[in-house]
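**Q**
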Amino acid sequence: MDSLRIDCEWRLTGDRLGGPNEPPGGPPQQPPRRDDKEGDGEGRSGALTLTRTRTKKPSMYKVLMLNDDYTPMEFVVDVLEHIFQKNREEATKIMLHVHQKGVGVCGVYTYEIAETKVTQTVDYARKNQHPLQCTLEKE
40 MDSLRIDCEW RLTGDRLGGP NEPPGGPPQQ PPRRDDKEGD GEGRSGALTL TRTRTKKPSM
100 YKVLMLNDDY TPMEFVVDVL EHIFQKNREE ATKIMLHVHQ KGVGVCGVYT YEIAETKVTQ
160 TVDYARKNQH PLQCTLEKE
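If you count the sequence shown from 1, position 27 lands on 66 in the numbering used here, and the numbers rise without skipping.
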């Protein structure tokens, strides 16, 4: 998955955090912290980097059911109820749309879920000796 990385630098000045537009010259010298070793010449600069990662929303895919002349309408309704969790009324409406228009949307899901539903539908149809076809398309 793609992610967006945002880096912000804040400087510690006195008892408050200052933003990137602090005056030149940087913050005043800070006393050594407990984890700093005195005398090694590698003290901390007082700069704190905050990183926030934003994840990109996943692409959505439509699962499309294709009409054929052999799969019974009741079987299509059964698939829509059990694989796509549609109620009887919704399943019947989608089935009639597929029957009349040749194709219909069963649902919109992330890629992995859409792919799984297509595979389950086609496997279930083959198991019951029906040529029902499903495919997915990016929304």
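Think of the CB as a built atom: it goes at the ideal place given N, C-alpha and C, for glycine as much as any other residue.
Taking DSSP as the reference, what is the three-state secondary structure of Lys177?
**A** strand
**Q** May I ask which residues mark the beginning and end of the alpha helix (DSSP H) holding Lys101?
**A** Segment 99-105 is the beta strand (DSSP E) holding Lys101; no alpha helix (DSSP H) there.
**Q** Pick out the complete alpha helix (DSSP H) segments inside the stretch 90-169, 4 residues or longer, and give them in chain order.
**A** 112-121, 127-140, 150-166
**Q** Determine the contact status of Tyr245 and Met99, defining contact as a CB-CB distance below 8 Å.
**A** The chain is shown from 40 up to 178; residue 245 falls before or after that span and cannot be answered.
**Q** If Val144 and Lys177 are in contact, beta carbons under 8 Å, what's the gap, nearest whole angstrom?
**A** The pair is not a contact, with the Cβ atoms about 13 Å apart (cut-off 8 Å).
**Q** What is the rounded straight-line gap between the Cα of Thr110 and the Cα of Arg91?
**A** 52 Å
**Q** Determine which residues share a DSSP beta bridge with Leu171 and list them.
**A** Answer is none; Leu171 lacks a bridge partner.
**Q** Spatial neighbours of Phe123 within its chain, please: C-beta separation below 7 Å, excluding the five flanking residues on both sides.
**A** Cys145, Gly146, Lys156
**Q** Does the separation of the CB atoms of Gln172 and Asp117 fall below 8 Å?
**A** no
**Q** Under 8 Å between the Cβ atoms of Met112 and His138?
**A** yes
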